[in-house]
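Residue numbers (the numbering used here), protein chains in the order written: chain A, 1 to 111; chain B, 112 to 265. Before any comments, here is the structure.
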Amino acid sequence: MDGLDAQFAALADPTRRAILARLSLGEATVNELADPFEMSQPAISQHLKVLEDAGLIVRRVDGTRRPRRLSSTGIEAMDRWLAMLRTALEKNYDRLDEVLAATGKKKGEKR
Amino acid sequence: MSKMTLKTEGDTHILVTRRFAATPEAVYRAHTDPELIKQWLLGPPGWSMPVCISEARPGGRMRYEWSNGKGAGFHLTGEYLELDPSSRIVHVERMYLPDQTPDNHVETRFERDGEGTLMTMRMTLPDEQTRATMLATGMEHGMEASYVRLEGLV
Chain A
1 MDGLDAQFAA
11 LADPTRRAIL
21 ARLSLGEATV
31 NELADPFEMS
41 QPAISQHLKV
51 LEDAGLIVRR
61 VDGTRRPRRL
71 SSTGIEAMDR
81 WLAMLRTALE
91 KNYDRLDEVL
101 AATGKKKGEK
111 R
Chain B
112 MSKMTLKTEG
122 DTHILVTRRF
132 AATPEAVYRA
142 HTDPELIKQW
152 LLGPPGWSMP
162 VCISEARPGG
172 RMRYEWSNGK
182 GAGFHLTGEY
192 LELDPSSRIV
202 HVERMYLPDQ
212 TPDNHVETRF
222 ERDGEGTLMT
232 MRMTLPDEQT
242 RATMLATGME
252 HGMEASYVRL
262 EGLV
């Protein structure tokens with residue numbers, strides 16, 4: 001349960017989700033990650049530490065480089081996140097069904 | 112049974128389809144009339160859209176502002192590019208979360224499907240990384256509600 005809490009906390013930040021999304025395309029170093037996010041290296045490193053502690057990413061040693069990649073837990077977390085996004089969209093469209101039903105009814109009513 | 116599909120296409124597209132039990136005219140109106148948009152394009156319970164500007168003509172502006180009523184909020188701006196009344200909307204939009212996201216180019220089609228309407232929304236992002244990031248950061252407020260629901264379950 002602790003692990004799950006740590007994962008949710010790690011995912012509750014848009015930058016960390018964006019980092020995971022970037023890593024879903026392949027491994028990357030801190031430098032490579034800092035670039036598109038226009039964030040300082042220490043700031044990115046802090047986010048990476050949270051993701052690592054939550055078990056969502058792992059690091060590899062490659063000479064002086066320390067590229068990060070998604071762990072299998074991280075991949076599952078991204079899948080769960082996408083399912084949530086899907087649910088949010090579905091909720092909007094369910095509400096649109098109600099709006100359409102209400103406007104249709106108003107039109108149909110002849111008083 | 113889910114009526115919606117959400118999938119990626121190629122490197123830069125996201126495709127959403129959904130069927131509605133209403134005419135293409137009505138579904139198109141619900142996507143362009145600000146008074147109607149405000150009623151459904153909201154995300155989770157508790158969020159509202161206090162500001163909705165939708166100038167449904169080529170070159171017209173879009174601005175949607177969401178609020179949770181407790182000080183949190185974000186907004187989207189965009190421009191309408193092409194409109195074929197009741198059948199097609201082409202627009203470009205970007206979110207401010209608060210940082211500006213890259214432009215999302217969106218084509219939405221409404222086709223008669225039996226008694227109802229099949230909506231097909233095709234988003235085009237600048238590149239694969241932007242698409243991945245958008246899927247991960249989009250619908251910020253949607254996630255909060257999902258977390259609340261999850262917390263209730265755990």
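Idealized CB from N, CA, C, for every residue including glycine. Since we're looking at a predicted model, the values are computed, not measured.
It is roughly 38 angstroms from the alpha-carbon of ASP97 of chain A to the alpha-carbon of LEU70 of chain A. Put simply, the backbone Cα of ARG22 of chain A is about 42 angstroms away from that of GLU226 of chain B. Here GLY74 of chain A is buried: its Cβ has 16 or more other Cβ atoms, across all protein chains shown, within 10 Å. Interface with chain A (7 angstroms Cβ-Cβ cutoff): PHE221 of chain B is excluded. Contact annotation: LEU117 of chain B and ARG95 of chain A have beta-carbon atoms that are not nearer than 7 angstroms. Setting aside the 5 residues that flank it on each side, LEU153 of chain B is surrounded in the same chain by SER159, MET160, TRP177, each with a C-beta closer than 8 angstroms to its C-beta; the list follows chain order.
SER24 of chain A has a beta carbon lying within less than 7 angstroms of a beta carbon in chain B. In the DSSP assignment, THR228 of chain B forms a beta bridge with B:PHE131, B:ARG223. Where VAL203 of chain B is concerned, the enclosing beta strand (DSSP E) starts and stops at 199-207.
Against chain A, the beta carbon of PHE131 of chain B has neighbours under 9 angstroms at TYR93, LEU96, ASP97, LEU100, listed in chain order.
Proximity of the region 36-47 of chain A to the region 76-92 of chain A falls short of the contact definition, fewer than three beta-carbon pairs being nearer than 8 angstroms.
At a C-beta separation below 7 angstroms, GLY104 of chain A has these neighbours in chain B: ALA133, ALA137. Beta-bridge analysis with DSSP links SER72 of chain A to no other residue.
For PRO161 of chain B, the enclosing beta strand (DSSP E) begins and ends at 159-165. Taking C-alpha positions only, LEU147 of chain B is separated from TYR139 of chain B by approximately 10 angstroms. The Cβ neighbour count for ASN215 of chain B, taken over all protein chains shown within 10 Å, is at least 16; the residue is labelled buried.
With distances taken between CA atoms, GLN7 of chain A lies nearest to A:HIS47 out of A:ALA28, A:LEU25, A:HIS47.
Rounded to the nearest whole angstrom, the CA to CA distance from LEU236 of chain B to VAL61 of chain A is 33 angstroms. No Cβ of chain A is located within less than 7 angstroms of the beta carbon of TRP158 of chain B. Of the candidates B:GLU166, B:ALA247, B:GLU218, B:GLU204, B:GLU204 places its Cα closest to the Cα of GLY189 of chain B. Here the C-alpha atom of LYS105 of chain A lies approximately 20 angstroms from the C-alpha atom of LEU229 of chain B.
Spanning the alpha carbons of ARG242 of chain B and HIS124 of chain B requires a straight line of approximately 7 angstroms.
In this structure, GLU38 of chain A sits away from PRO67 of chain A, with a CB-CB distance that is not shorter than 7 angstroms.
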